[in-house]
Each structure stands twice: as structure tokens, then as C-alpha cells.
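Protein chains in written order, with numbering that gives the first Met the number 0: chain A, 0 to 369; chain B, 0 to 369.
I have placed the structure first, in the form of C-alpha cells, so that the comments after it can refer back to it.
Number of protein chains: 2
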Amino acid sequence: MAKEFKLPSSLSVFGNEDIAYDFLSRIWGKKGVFTCTIGNTMTSTIPGVSEAGDTPELTLFTPAADAEMLVNGRTTCMKGIPINPGGIPTPATLTMAALELSDMPLHIINGGCRINPYIPYYEVGGRCGEAITSGKSVHNVKECFERGKVLGGMLAKGHDFLVASESCAGGTTTALAVMMAMGVVTENLVSSSSPRNPRELKTRIVNESLNAANIKIGDLRDDPLKAIECVGDPMMPVNVGLIIGAAKHVPVIIGGGTQMAAVIAAVIQIDPSVIGNIVQGTTRWLVKDPNSDICRMIGGISESVPIVYINMDYSKSPYEGLQAYEWGFCKEGVGCGGASISAVISSSGKIDCDIILDKVHEVYKRILNI
Amino acid sequence: MAKEFKLPSSLSVFGNEDIAYDFLSRIWGKKGVFTCTIGNTMTSTIPGVSEAGDTPELTLFTPAADAEMLVNGRTTCMKGIPINPGGIPTPATLTMAALELSDMPLHIINGGCRINPYIPYYEVGGRCGEAITSGKSVHNVKECFERGKVLGGMLAKGHDFLVASESCAGGTTTALAVMMAMGVVTENLVSSSSPRNPRELKTRIVNESLNAANIKIGDLRDDPLKAIECVGDPMMPVNVGLIIGAAKHVPVIIGGGTQMAAVIAAVIQIDPSVIGNIVQGTTRWLVKDPNSDICRMIGGISESVPIVYINMDYSKSPYEGLQAYEWGFCKEGVGCGGASISAVISSSGKIDCDIILDKVHEVYKRILNI
Chain A
0 MAKEFKLPSS LSVFGNEDIA YDFLSRIWGK KGVFTCTIGN TMTSTIPGVS EAGDTPELTL
60 FTPAADAEML VNGRTTCMKG IPINPGGIPT PATLTMAALE LSDMPLHIIN GGCRINPYIP
120 YYEVGGRCGE AITSGKSVHN VKECFERGKV LGGMLAKGHD FLVASESCAG GTTTALAVMM
180 AMGVVTENLV SSSSPRNPRE LKTRIVNESL NAANIKIGDL RDDPLKAIEC VGDPMMPVNV
240 GLIIGAAKHV PVIIGGGTQM AAVIAAVIQI DPSVIGNIVQ GTTRWLVKDP NSDICRMIGG
300 ISESVPIVYI NMDYSKSPYE GLQAYEWGFC KEGVGCGGAS ISAVISSSGK IDCDIILDKV
360 HEVYKRILNI
Chain B
0 MAKEFKLPSS LSVFGNEDIA YDFLSRIWGK KGVFTCTIGN TMTSTIPGVS EAGDTPELTL
60 FTPAADAEML VNGRTTCMKG IPINPGGIPT PATLTMAALE LSDMPLHIIN GGCRINPYIP
120 YYEVGGRCGE AITSGKSVHN VKECFERGKV LGGMLAKGHD FLVASESCAG GTTTALAVMM
180 AMGVVTENLV SSSSPRNPRE LKTRIVNESL NAANIKIGDL RDDPLKAIEC VGDPMMPVNV
240 GLIIGAAKHV PVIIGGGTQM AAVIAAVIQI DPSVIGNIVQ GTTRWLVKDP NSDICRMIGG
300 ISESVPIVYI NMDYSKSPYE GLQAYEWGFC KEGVGCGGAS ISAVISSSGK IDCDIILDKV
360 HEVYKRILNI
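Structure representation (C-alpha cells):
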């Protein structure tokens, strides 16, 4: 079956095609469940680190606001919607469009927030993370991991596949730090929500954080939860557990970019048996980003975790805020890639990039009242 | 279709048969989702009120422990399992058996607990309730109702029907108080987890509570949320919202006895359009209880909410702790009736009372290590 599988033009695959095609053929036309784990790390308030918010302080509102948009179609914890400086709207706009089209059930999981969303969410015992420069950045890691694992098993029931995703501003920096601590990357390949990826700043913060935790590159190869506890963020332990708990029962799409690469590295180290039942799901914007290298990063983590990406293209959008995605803004987040891929998959390819783009415009006009 | 519907001997119907048969025929063989909303009210610690726990203090652990049993198959927040004085095991044993057989997805919702369970659960902003004798017993009622409504809509997605249920020790007393405040009952018809139903004590506490809140019988007929705020418990506002939110999309089985009767009264007052899409799901033990009258109570609330009950019979069980259900202990709770009915429904009747009883024995031996 996998060999005969024909990929629609809306999707592309990078990496292990056998696994990707087998994975896709098993869930083609099936019904999944979407999850988004939100968290805050005080790392995002270090000036210059995160552009997932109009100002460093507002980055703390972005995860809760993203979650509110997915559930209620509007924000409650803040006015307006999360934007990058310059007004580029959160990728939650694409996630919303894809979820509306696929009518996928949705669960928000609170990994640990400073600002909690005004919606129903899954609680797993997490707390807001400290700045990673402390070297002690995440609380209750074991507990959140274990509850995440239980939740993964619970949500796998009654659904054919699961999508895990994240909204956690500052998360590419914490991801870099965790992957350096594990030694799965030894140089800065990570992405940014801005085309002006502040690589030097991130590298400096990561080095400072590893020093504060007294960790040398690769020291925690065998102990990813310890790496997360020292230099990670609260989105990570829950998602690591969730993916392991779910992938024992159903295929799991790990929706996201650099941040989820760190999660994948931890998942595979803790339970390599999930290989074959997980893919990374992301966007063309991220895969083609000239300022990062997700393919090399994932390839360095495992040869058996393919990347499936959605070929969304905003270049012909009439809205500059969306065109900006083509210039390197946002690119990924809030599971926008995973949700889009899932809409294609669960519709057996009937939903394509054009249909999703139309729905994105509808969502965009609705939330901006234009 | 409804007319031709043949009820299996495992199930019986009381009340409006047309609605019941139509309801059952629409979800026969379909897949539902089970929810249990847990909450604490300090009312349960008033000596003599609740036997849902070995001592008045332990009643505060019962909801969290019940939830842990459903999710993990064992308790973490306390040693052993919740029992009535005398050692009769929580009805969660029956719920576990039914959920194992039907493989139904499960969500625990935290209405507001003093003791939180060590599992993943849905958070909706609730807090532990005060003793109703204060006349101000539940916090954040509007917020919990609204979030419950949103959650009902979310959980209806991807499932053919929803089961709402509760574990909240002391809840028959708060239920009586709310129904008196609404005027839907004018005398004490409510049940108890003990055959020695302490009716005089409950009546006295309810009268004291209504006085404290300056409410006369029927004063709050049109404002059930206010009745809950004054003399209810934190399980109620969430479940009222959940049922209204879900019943707009899918049929809803309201699993439970007296406590859910109060919830039903509130639901119907707030949104009568749900009629036809809800039934109460309970047990033969409750319907046949000589010390309460659920049928008269529900009949007084509405002629259009039928009761569907499972004909479980523990009289031939080799375990005295289970035989005690036949003597009037426990009878209902933790959605045991709703879960059992759902197992019959989703298997198109292939799962029957005998199969459920065998599974109950398996669960009973496993959790008591015998």
C-alpha cells in the first residue's frame, strides 16, 4: 500500500520516504485529534530573543491568546491578536483555518503558563518556566512528563491519529539549549519567527545557560528530561510524554519546527520504539528558510523521522500581513503545519492548499474585522 | 425507526418512551465520549451528611480518588480505594468495568476540588465549594458555566454522543437545596449512598442553608445559576454548561441520580431546546430505591426527560462488598449507570449485564489484589 501511495501536490516529504509513505497511507482519510501545548518561559522576555509578540512583555500573552483563538475564535486575555513586531499575525490564523476545514477535535494542554487562557484546558501540573540563563528553567518535569504520557494514551482512544503542537514564545532558544545539552546539534541551526534571526544573541544565551547549569555539549545525551529541567521550557516535558503515550497506540504527527525538533530528540532517546509511528509535520516556509536548517537538524537527530510539509504559499495573498510569511516571518507555530497536513490527510486530499488559503483569508478578515 | 427499536433486557426505560426510543435508536452502535466532573463541597464534612468516604474528612478525597481510578486504574491521592463506612467499594468499580468494555474515550473535568487528582484533567476555573449552610457555597459560577459550555461543544466534535457524570461527595444534599430553591421539589425525595438515608439531617441542613441565603422555596425558579451559587456545589455549573454546550450537537446521556436531577432542572430552565436530546442514565438500584424517588423527582422536573437504566444485579456476586449494592449502598455515582448504558448502546446490545458483571469482578479483584 505504502509504495502505491500518491502524494498530493499540497504535501511534500523530506527524509525517509518509506516511513513517510507508510505513515501517510495508514491514516489517509482517517480522523485525528489535534492538541496544542502552551507554555511560558521567562526566556522570551529577554530583549531580542523572541518576536512572537509585539514587545518582550507581550510574548508572555502569546500562548494563551493563541489557545483562545483556536477554541473561541477570538482572544480574551489580551486585546487584538498576537502579532510579530510590524503586525504580522500569529500562525494560529492558519491553524484555525485548517481546523475549521477538517472539523478536527481540539484539546489545549497547559504545560505551564504565566498567563492562563480563559478557555477549558488540560492541566498536567506544569508551571511557568524560568529564564534558561538560570540553569534551572523548568519545574515538575517528571510529573508533567508522566501526566503527558497518560494523556497521550487517553487521547489516542477514539481517534485514528494525534497531532502534537506548541505555542511557547522564546522556544527556539530553549530548543537550541536542550539540543546542545543532548549533543544532537553542536551549532546553531535553529529558526526564528523573524527573518532577522538573532543567532548570535541566541548562541550567547544558550552558552551562558549551559554554563550556569554546568553542562558541556552532549553531557545530557542520555538524560533529556534533565536537559529540559536545566535549560528547556515547560512545553517540552508534556509534549515528550504526550507523544510517547500516544504513539504506542496511534500514528503521531509532531507539528512544529525547531521547538519540536528538541521534543523529537527527547522522545527518541527515551523511547526509540516510537520510530515509524511519528513524523514531523511542518510548513514549506520553515523547510525552505534560508536562516535555519530544519532538515539537517532532524537528520542529525534520526534518519527515521521524516518531515512532511504543507506547500502553503501566501505570495499571492492580497494581505501584506500574510505575504510576510513568504519573507521569512512566523513560518511555523501553533501547529499550523500539522493542522494543515491533517486537513489534507483526513479529507483524502480533497482539501488542498488553495482551499486552505481561501479559509485563511476568511479567518483573517473575521478576526481583524476587515 | 424509533417505533421499531427493541430494547435489550439489560436496559429499562422510565418516563417518556417515545423520546427514549428515538434517542437510543439515534446512537445505537455509535461511539460516545465519557466525562466525569469532580468537585468538593465542604458540606460533605458535616458529620452524618455523606457516606461517600470512610470518614467525613475522607469524603474530600473520594472525587479525586475516583478520577484516578478511572484514568490509571488505581489511586494516588490516598491509600486504597474510596469506600463507604463498612468497606463497600465506590461505584467507580462499575464505571471502570463499563469503560474497559466499551473502550470509550474519557475526560475528567475539575469542577473545583480541595484535593486535586494526580492525573491529567480539564481545568475550567472552579474552586472547592463552601458548606451550603453559609448560603454562599460556589465560587466562579458564571465562569465555570461558560467554560463548561465551550467544553461541551469541543467534546461533541468527533463523537456521536456524550456522557456527563459526577463524583462529588455531599452532592445529594446540595442537589436537594438547589431543587428546593428552584421549587422543582418541595419535599425531600433525594437519595443517599447509604440505606440509612439521613433524611431529617439533610432536610434540616437544606432549610438552614436556604435561610442563610435568604431564599424561600421556589424563589430562584428562573435563576438556577444563582441557586447553585448560594446552595449548590462546584460540580453543578460545569455540568450544566457542558450538557447545554454538547446537546446542541449530539445526544447527551446525563449519568447519575439525584445530583444530576438538580443539574437537569437547571439545564432545562436555562435552555429548554435541549429536550429530546437528553436522557438521564442511571442504575436499577437507584430507580428501585425504597428510600428515594428519582422517578417522581425527574417527572416533577420535566415530562420529556426519560430515565434509561441498566439492570445490573449484584445479588449473585460472590463478593459481599458488591452484594451490598442490593441492600441499598452506593447505588449510583461516578457515572456508573451512564457508562454501563453506553457500553450496551455502543456495542448494539452485544455487551449485556452478565458481561459487565464479569468485568466488574475482574476489576474488583485487580484493585483489591484478591
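In this text, a Cβ means the ideal position worked out from N, Cα and C, and glycines have one as well.
The model shown is predicted, which means the values in this text are computed figures rather than measured ones.
Q.
Tell me whether the region 12-20 of chain A and the region 135-150 of chain A touch, counting them as touching only if at least three CB pairs, one residue from each stretch, are closer than 8 Å.
A. No, the region 12-20 of chain A is not in contact with the region 135-150 of chain A.
Q) What residue from B/Asp222, B/Val137, B/Pro289, B/Leu285 has the CA that sits closest to B/Gly337's CA? A) B/Leu285
Q) In terms of alpha-carbon separation, which member of B/Val262, B/Ile114, B/Pro90, B/Thr44 lies closest to B/Tyr370? A) What is shown of chain B runs 0 to 369, which leaves residue 370 of chain B out entirely.
Q) Considering only the beta carbon of each residue, do B/Tyr121 and B/Ile131 sit closer than 8 Å? A) no
**Q.** Option nearest B/Ile344 by Cα separation, candidates B/Met95, B/Val307, B/Lys330, B/Arg73
**A.** Ranked by Cα distance from B/Ile344, the first of B/Met95, B/Val307, B/Lys330, B/Arg73 is B/Val307.
Q: Tell me, please, whether the CB atom of A/Ile118 is closer than 8 Å to any CB atom in chain D?
A: Note that chain D does not occur in the displayed structure, where the protein chains are A and B.
Q) Would you say B/Glu122 reaches chain A, if we count a Cβ-Cβ gap shorter than 8 Å as a contact? A) yes
Q: With distances taken Cα to Cα, identify the nearest neighbour of B/Asp221 among B/Ser9, B/Val183, B/Asn310, B/Ala212.
A: Of the candidates B/Ser9, B/Val183, B/Asn310, B/Ala212, the one whose C-alpha sits nearest the C-alpha of B/Asp221 is B/Val183.
Q: Go ahead and pull the three-state DSSP assignment for A/Ala323.
A: A/Ala323 falls in the helix class under three-state DSSP.
Q) Does the Cβ of A/Asp232 have 16 or more other Cβ atoms within 10 Å, making it buried, or fewer, making it exposed? A) buried
Q) Nearest chain A C-beta to B/Gly254 closer than 8 Å, yes or no? A) no
Q. What in chain B is Cβ-close to A/Lys287, meaning under 8 Å?
A. Listed along the chain, the chain B residues whose CB falls inside 8 Å of the CB of A/Lys287 amount to none; the nearest CB is some 33 Å away.
Q | Inter-residue spacing [alpha-carbon to alpha-carbon] between B/Asp270 and B/Gly134 | A | 26 Å
Q: For chain A, find out if any of its Cβ atoms is closer than 8 Å to the Cβ of B/Arg146; answer yes or no.
A: yes
(Q) For A/Val70 and A/Ile114, which I take to be in contact (beta-carbon distance under 8 Å), what is that distance rounded to the nearest angstrom? (A) Contact doesn't hold; Cβ gap of about 15 Å is too wide.
(Q) On the CB-based measure, 16 or more other CB atoms within 10 Å of its CB, does A/Pro46 come out buried or exposed? (A) Residue environment for A/Pro46: exposed (fewer than 16 other C-beta atoms within 10 angstroms of its C-beta).
Q: Answer with yes or no whether the minimum CB distance from B/Gly157 to chain A is below 8 Å.
A: yes
Q: Consult DSSP for B/Ser101 and reduce its assignment to one of helix, strand or coil.
A: Of the three classes helix, strand and coil, the one that applies to B/Ser101 here is helix, per DSSP.
Q.
Only counting the same chain, and skipping five residues up and downstream in sequence, which positions put a Cβ closer than 7 Å to that of A/Met0?
A. In this predicted model, A/Met0 has a pLDDT of only 49, less than 50, meaning its place in the structure is not dependable enough to derive any value.
(Q) Please report the distance separating the alpha-carbon of A/Gly188 from that of A/Pro289. (A) First, the amino acid is wrong: residue 188 of chain A is Leu here, not Gly. If you take the alpha carbons of A/Leu188 and A/Pro289, they lie about 10 Å apart.
Q. What does a CB cutoff of less than 7 Å around B/Thr74 pick up in its chain, not counting 5 residues either side in sequence?
A. Hits under 7 Å: Ala64, Glu67, Met68, Ile80.
(Q) Ignoring anything shorter than 4 residues, give me the alpha helix (DSSP H) runs that lie fully in the region 26-83 of chain B, in order along the chain. (A) List check, alpha helix (DSSP H) in window: 61-71.
Q.
Is A/Leu200 close to chain B? Criterion is C-beta to C-beta, closer than 8 Å.
A. Taking Cβ atoms only, chain B never reaches closer than 8 Å to A/Leu200, which makes this a no.
Q.
Counting only Cβ pairs nearer than 7 Å, list the residues of chain B close to A/Leu150.
A. At a C-beta separation below 7 Å, A/Leu150 has these neighbours in chain B: Pro119.
Q | Start-to-end residues for the alpha helix (DSSP H) that takes in B/Phe144 | A | 140-155
**Q.** heavy atom of the ligand ZN below 7 Å from B/Ile252 C-beta
**A.** The model on display carries no ligand, and the ligand ZN is accordingly not part of it.
Q. Looking at chain B, which residues of the region 59-90 of chain A have a Cβ within less than 9 Å of any of its Cβ atoms?
A. Val70, Asn71
Q) When we look at the beta-carbon of B/Gly28 and count the other beta-carbons within 10 Å, is it buried (16 or more) or exposed? A) With fewer than 16 other Cβ atoms inside 10 Å of its own Cβ, B/Gly28 counts as exposed.
Q | Length at least 3, wholly inside the region 216-256 of chain B: the beta strand (DSSP E) runs in chain order | A | 251-254
Q. Does B/Met153 have its Cβ less than 8 Å from a Cβ in chain A?
A. Yes, because at least one Cβ of chain A sits closer than 8 Å to the Cβ of B/Met153.
(Q) Would the region 55-64 of chain A count as touching the region 162-170 of chain A if we require 3 or more Cβ pairs under 8 Å? (A) yes
Q. Does A/Pro317 come within less than 8 Å of chain B when only Cβ atoms are used?
A. no
Q: List the endpoints of the continuous beta strand (DSSP E) containing A/Ile277.
A: 277-282
(Q) Please report whether the beta-carbon of A/Asp351 lies at a distance below 8 Å from any beta-carbon of chain B. (A) no
Q: Assign A/Glu165 to one of three DSSP states: helix, strand, or coil.
A: strand
Q) Exposed or buried, which one is A/Ser314 when buried takes at least 16 other CB atoms within 10 Å? A) exposed
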